[in-house]
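The structure appears right after this line, and notes come after that.
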Amino acid sequence: MSDASKGLRLYNTLTRTKEDFFPIDPRNVRMYVCGPTVYDFAHIGNARPVIVFDVLFRLLRHLYGQAHVTYVRNITDVDDKINDRALRDFGGEIASGKLSLNEAIRRVTEKTADQFHKDVATLGCLEPTVEPRATEFVEPRADGKVDMISLIQRLIERGHAYVAAGEVLFDTASMPDYGQLSKRYLDEQQAGARVAVDPHKKNPGDFVLWKLSSPEEPGWDSPWGRGRPGWHIECSAMSAAYLGEVFDIHGGGLDLIFPHHENEIAQSRCAHGTDVMAKVWMHNGFLQVEGQKMSKSLGNFYSINELLETEIFGGRRWPGEVLRLAMLMTHYREPIDFSVRKLEEAENTLRKWKRAADLVPAAAKQLPVEVVEALSDDLATYSAFQVLTQLAGEAVDFNAAGDGNAIAGNDAAASLKAALLFLGFDVTPAKVDEDAIARAIAKRLTLIAAGNWAEADRIRAELLAQGIQLKDGKDPVTSARITTWEIKR
Numbered sequence: 001m002s003d004a005s006k007g008l009r010l011y012n013t014l015t016r017t018k019e020d021f022f023p024i025d026p027r028n029v030r031m032y033v034c035g036p037t038v039y040d041f042a043h044i045g046n047a048r049p050v051i052v053f054d055v056l057f058r059l060l061r062h063l064y065g066q067a068h069v070t071y072v073r074n075i076t077d078v079d080d081k082i083n084d085r086a087l088r089d090f091g092g093e094i095a096s097g098k099l100s101l102n103e104a105i106r107r108v109t110e111k112t113a114d115q116f117h118k119d120v121a122t123l124g125c126l127e128p129t130v131e132p133r134a135t136e137f138v139e140p141r142a143d144g145k146v147d148m149i150s151l152i153q154r155l156i157e158r159g160h161a162y163v164a165a166g167e168v169l170f171d172t173a174s175m176p177d178y179g180q181l182s183k184r185y186l187d188e189q190q191a192g193a194r195v196a197v198d199p200h201k202k203n204p205g206d207f208v209l210w211k212l213s214s215p216e217e218p219g220w221d222s223p224w225g226r227g228r229p230g231w232h233i234e235c236s237a238m239s240a241a242y243l244g245e246v247f248d249i250h251g252g253g254l255d256l257i258f259p260h261h262e263n264e265i266a267q268s269r270c271a272h273g274t275d276v277m278a279k280v281w282m283h284n285g286f287l288q289v290e291g292q293k294m295s296k297s298l299g300n301f302y303s304i305n306e307l308l309e310t311e312i313f314g315g316r317r318w319p320g321e322v323l324r325l326a327m328l329m330t331h332y333r334e335p336i337d338f339s340v341r342k343l344e345e346a347e348n349t350l351r352k353w354k355r356a357a358d359l360v361p362a363a364a365k366q367l368p369v370e371v372v373e374a375l376s377d378d379l380a381t382y383s384a385f386q387v388l389t390q391l392a393g394e395a396v397d398f399n400a401a402g403d404g405n406a407i408a409g410n411d412a413a414a415s416l417k418a419a420l421l422f423l424g425f426d427v428t429p430a431k432v433d434e435d436a437i438a439r440a441i442a443k444r445l446t447l448i449a450a451g452n453w454a455e456a457d458r459i460r461a462e463l464l465a466q467g468i469q470l471k472d473g474k475d476p477v478t479s480a481r482i483t484t485w486e487i488k489r
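Those letters in the sequence shown? Residues 1 to 489, per full-length UniProt numbering, in order.
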């Protein structure tokens, strides 16, 4: 199959247009996505790019072959926020000499990185092909892969960086077309508007490549003194290390366009002498919670783990695949209002799809072409989900009609099951723990007898989330309240 016949079109932030996608090398389609800074548990806003680009990863593997796609998503484990968290959590041990700051930082990042991996796996996301950690790419490496110190040295040698007040800074004026991605050109920028004001800078927009570390801060030896890298240089080094100087797709959240991605482009292009860093730049839209910007001060800041494991949002826990579907019901470039209502809608939709998919034991060998076509149009997940809903309706209706219609119904159910698997949803029939259900029903009846309807309703909702629907009635002999249940996938 030729590249042109694959029909993949993606919106490119760099050109502000939807374009036909032609990989540099169809035998190795290369994508880089900015990963988490692991100073704390990932929040629900962090989940959106992970889920969005997981779908793109799956689609690229389908179109070009699993062995021909390289997906790199980094872990940022060197950052001032990480330093602060290490001092907060292990300050006593550091002060007493039981732990060095570097050891404390490692403990913080190992814990939060492990939790991130567990959380995104529960969201149905595949592991990336490579997941480099920033701390592994600061100094020159034995394997010769690109590192940050060498990249900074190259920028200095090429006249794109300079040393001032103990820092190495990128000289934005040395790049005539700086600002192409964000459309924030140097002559339009104002100091103080996401641009740090420092008297030692040649230009207000110049940004840090390397900064000195105090004895109390983590650091690496370098030609410019013991210090640590700036944020932007990390991704320039790690992407080049695994994907080369120019690669196919760079993704992340809309908030990263400026300054992070703009500065990545500047560093990479000027260090390597290339016209572009990545051919296509993709960005997912912002996320609000119940119509408001997510913030700790508003009390609507939720980690992925909190939504999965606690009853903090809507009074209940939410399955990972419900969170996944809720994220994908809105087109990735549009803003999303993350709400209890949206989660409930996703849960009901997923239940209907699974109930129809359960009509057959195995998935179809081929994906529905309509699903692939929808996703190939800039990840139009909503259009793909309309196909799934149509297949679910056909599966149920044809099987109910019986006779020859059952064959068509089973075909629809098998295609639906294949599409659900492809999109990262579990189609394994749910295992029912009848003893646990009986205990939950008994507890609920006790709560009803005590007039605690809120807790009783919570148990009903929690069981429904597991596909168990309760039906209340009366014993025909004793008139006592009884509750029966059935599986409603």
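Yeah, the Cβ is synthetic: ideal placement off N, Cα and C, and Gly gets one too.
(message) Am I right that Gly225 and Leu209 are in contact with their C-beta atoms under 8 Å? What's the rounded C-beta distance?
(response) Along the sequence shown, read from residue 1 onward, the residue named residue 225 stands at position 225. Along the sequence shown, read from residue 1 onward, the residue named residue 209 stands at position 209. Their Cβ separation, rounded to whole angstroms, is 13 Å, which puts Gly225 and Leu209 out of contact at 8 Å.
(request) Go through its chain and collect everything with a Cβ distance to Thr135's Cβ below 6 Å, but skip five positions before and after it. (result) One-based indexing of the sequence shown puts residue 135 at position 135. Excluding sequence neighbours, Thr135 sits near Asp77 and Val78.
(message) Can you give me the C-alpha to C-alpha distance between Leu243 and Tyr32, rounded to a whole angstrom?
(response) Position 243 of the sequence shown, counting from 1, holds the residue named residue 243. Position 32 of the sequence shown, counting from 1, holds the residue named residue 32. Distance between the alpha carbons of Leu243 and Tyr32: 8 Å.
(message) Ignoring anything shorter than 4 residues, give me the alpha helix (DSSP H) runs that lie fully in the segment 421-453, in order along the chain.
(response) You should have 434-449.
(message) In this structure, how does DSSP classify Leu60 when only helix, strand and coil are distinguished?
(response) Here residue 60 corresponds to residue number 60 of the sequence shown, with the count starting at 1. In the structure shown, Leu60 sits in a helix (DSSP, three-state: H, G or I).
(message) Please return the same chain residues whose Cβ sits closer than 7 Å to the Cβ of Pro49, not counting the five positions on each side in sequence.
(response) Within the sequence shown, numbered from 1, the residue matching residue 49 stands at position 49. Excluding positions up to five away in sequence, the list reads Val33, Gly251, Gly252, Gly253 and Asn284.
(message) Check for me: the beta strand (DSSP E) holding Trp210 runs from which residue to which?
(response) The count along the sequence shown starts at 1 and reaches residue 210 at position 210. Unbroken beta strand (DSSP E) run through Trp210: Phe207 to Leu212.
(request) Count the C-beta pairs between the segment 371-381 and the segment 441-448 that are closer than 8 Å, then say yes if the count reaches three, no if not. (result) Verdict: no, contact absent.
(request) Give the range of the beta strand (DSSP E) segment to which Glu290 is assigned. (result) Taking the first residue of the sequence shown as 1, we reach residue 290 at position 290. Note, Glu290: premise wrong, no beta strand (DSSP E); not H, not E.
(request) With DSSP as the reference, label Phe137 as helix, strand or coil. (result) For this step, residue 137 is matched to residue 137 along the sequence shown. Helix at Phe137.
(message) Within 10 Å of its beta-carbon, does Arg85 have 16 or more other beta-carbons around it, so buried, or fewer, so exposed?
(response) For the purposes of this step, residue 85 is identified with residue 85 of the sequence shown, where counting begins at 1. By the neighbour-count criterion, in which a residue is buried when 16 or more other Cβ atoms sit within 10 angstroms of its Cβ, Arg85 is buried.
(message) Looking at the strands, I want to know which residues DSSP matches up with Lys18.
(response) Residue mapping note: residue 18 aligns to position 18 of the sequence shown, counting from 1. Per DSSP, Tyr11.
(request) Name the two residues that bound the continuous beta strand (DSSP E) containing Trp231. (result) Indexing the sequence shown from 1 puts residue 231 at position 231. First-last for Trp231: Trp231 to Leu243, but that is the alpha helix (DSSP H), not the beta strand (DSSP E).
(request) Per DSSP, which residues does Asn284 bridge with? Please list them. (result) For the purposes of this step, residue 284 is identified with residue 284 of the sequence shown, where counting begins at 1. Asn284 pairs with Gly253.
(message) Assuming the contact rule is C-beta atoms closer than 8 Å, Ile82 and Arg133 should be a hit. Round their C-beta distance to whole Å, please.
(response) On the sequence shown, position 82 is the one that residue 82 refers to. On the sequence shown, position 133 is the one that residue 133 refers to. A Cβ-Cβ separation of about 12 Å leaves Ile82 out of contact with Arg133 under the 8 Å criterion.
(request) Please classify His43: is it buried, with 16 or more other beta-carbons within 10 angstroms of its beta-carbon, or exposed? (result) Taking the sequence shown and counting its residues from 1, the one referred to as residue 43 is at position 43. His43 comes out buried.
(message) DSSP three-state label for Gly227, please.
(response) One-based indexing of the sequence shown puts residue 227 at position 227. In this structure, Gly227 counts as strand in the three-state DSSP scheme.
(request) Quick one: residues in its chain with C-beta nearer than 6 Å to the C-beta of Val477, no 5 flanking neighbours on either side, listed in chain order? (result) As a first step, residue 477 is located in the sequence shown; it is residue number 477 there, counting from the start. Contacts found: none.
(message) Check for me: the alpha helix (DSSP H) holding Met329 runs from which residue to which?
(response) Looking up residue 329 in the sequence shown gives position 329. From DSSP, Met329 is part of no alpha helix (DSSP H); its letter is neither H nor E.
(message) With H, G and I counted as helix, E and B as strand and the rest as coil, what does DSSP make of Gly299?
(response) Start at 1 with the first residue of the sequence shown, and residue 299 comes out as number 299. Shown here, Gly299 sits in coil according to DSSP, grouped into three states, outside any helix or strand.
(request) Identify whether Arg316 lies in helix, strand or coil by the three-state DSSP scheme. (result) Along the sequence shown, read from residue 1 onward, the residue named residue 316 stands at position 316. The DSSP-derived three-state label of Arg316 is strand.
(message) Going by beta-carbon coordinates alone, are Asp248 and Asn203 separated by less than 9 Å?
(response) Here residue 248 corresponds to residue number 248 of the sequence shown, with the count starting at 1. Here residue 203 corresponds to residue number 203 of the sequence shown, with the count starting at 1. Taking 9 Å as the Cβ cut-off, Asp248 and Asn203 do not qualify as a contacting pair.
(request) Evaluate contact between the segment 257-269 and the segment 317-329, counting only Cβ atoms and requiring at least three cross-stretch pairs below 8 Å. (result) A contact between stretches requires three or more CB pairs, one per stretch, nearer than 8 Å, and the segment 257-269 fails this requirement with the segment 317-329.
(message) Using a Cβ-Cβ cutoff of less than 8 Å, which residues in the same chain neighbour Asp255 once the five nearest sequence positions on both sides are dropped?
(response) Residue numbering aside, residue 255 sits at position 255 when the sequence shown is read from its first letter. For Asp255, where only same-chain residues beyond five positions count, the Cβ hits under 8 Å are Phe286.
(request) Since I believe Ile304 is in contact with Ala47 (beta carbons under 8 Å), could you give me their beta-carbon distance rounded to a whole number of angstroms? (result) Taking the sequence shown and counting its residues from 1, one reaches residue 47 at position 47. Taking the sequence shown and counting its residues from 1, one reaches residue 304 at position 304. Correct: roughly 5 Å between the Cβ atoms.
(message) Quick check on Ile312: buried or exposed, where buried means 16 or more other Cβ atoms within 10 Å of its Cβ?
(response) As a first step, residue 312 is located in the sequence shown; it is residue number 312 there, counting from the start. Exposed, since its Cβ has fewer than 16 Cβ neighbours within 10 Å.
(request) Work out the CA separation of Ala363 and Val120 for me, nearest whole Å. (result) Sequence index remark: in the sequence shown, residue 120 carries index 120 (1-based). Sequence index remark: in the sequence shown, residue 363 carries index 363 (1-based). One C-alpha to the other measures close to 24 Å.
(request) Using three-state DSSP, classify Gln390 as helix, strand or coil. (result) Position 390 of the sequence shown, counted from the first residue, corresponds to residue 390. Gln390 carries a helical assignment under DSSP once its states are collapsed to helix, strand and coil.
(message) In the DSSP assignment, the beta strand (DSSP E) including Ala42 goes from what residue to what residue?
(response) As a working note, residue 42 is residue 42 in the sequence shown. Looking at the DSSP string, Ala42 is not in any beta strand (DSSP E), and its letter there is neither H nor E.
(request) Would you mind giving the Cβ-Cβ distance between Leu123 and Arg324, rounded to the nearest angstrom? I have them listed as a contact below 8 Å. (result) By 1-based counting over the sequence shown, the position of residue 123 is 123. By 1-based counting over the sequence shown, the position of residue 324 is 324. With a Cβ gap of about 5 Å, Leu123 and Arg324 count as contacting.
(message) I need the DSSP call for Ala191, collapsed to helix, strand or coil.
(response) Within the sequence shown, the letter at position 191 stands for residue 191. Reliability fails at Ala191, whose pLDDT of 47 lies under 50, so the model's placement of it is uncertain and no value is given.
(message) On the DSSP letters alone, give me the boundaries of the alpha helix (DSSP H) that Phe170 sits inside.
(response) Taking the first residue of the sequence shown as position 1, residue 170 is located at position 170. Boundaries around Phe170 are those of the beta strand (DSSP E), Glu167 to Phe170, since no alpha helix (DSSP H) includes it.
(request) Give the single residue among Ala240, Gly65 and Val55 whose Cα lies nearest to the Cα of Ala380. (result) Locating residue 380 in the sequence shown gives position 380, where the first residue counts as 1. For Ala380, the nearest C-alpha among the options comes from Val55.
(request) Spell out a yes or no on whether the segment 405-425 and the segment 352-359 are touching, meaning 3 or more CB-CB pairs, one atom from each, closer than 8 Å. (result) Three or more beta-carbon pairs drawn from the segment 405-425 and the segment 352-359 are found closer than 8 Å, and the two stretches are therefore classed as touching.
(message) Using a Cβ distance threshold of 8 Å, determine whether the segment 450-460 contacts the segment 390-410, with at least three qualifying pairs required.
(response) The segment 450-460 and the segment 390-410 do not touch, with fewer than 3 CB-CB distances between them shorter than 8 Å.
(request) Starting from the C-beta of Thr310, find all residues in its chain whose C-beta is less than 8 Å away, skip the five residues before and the five after it, and write them out in chain order. (result) Here residue 310 refers to the residue found at position 310 of the sequence shown. Hits under 8 Å: Arg317.
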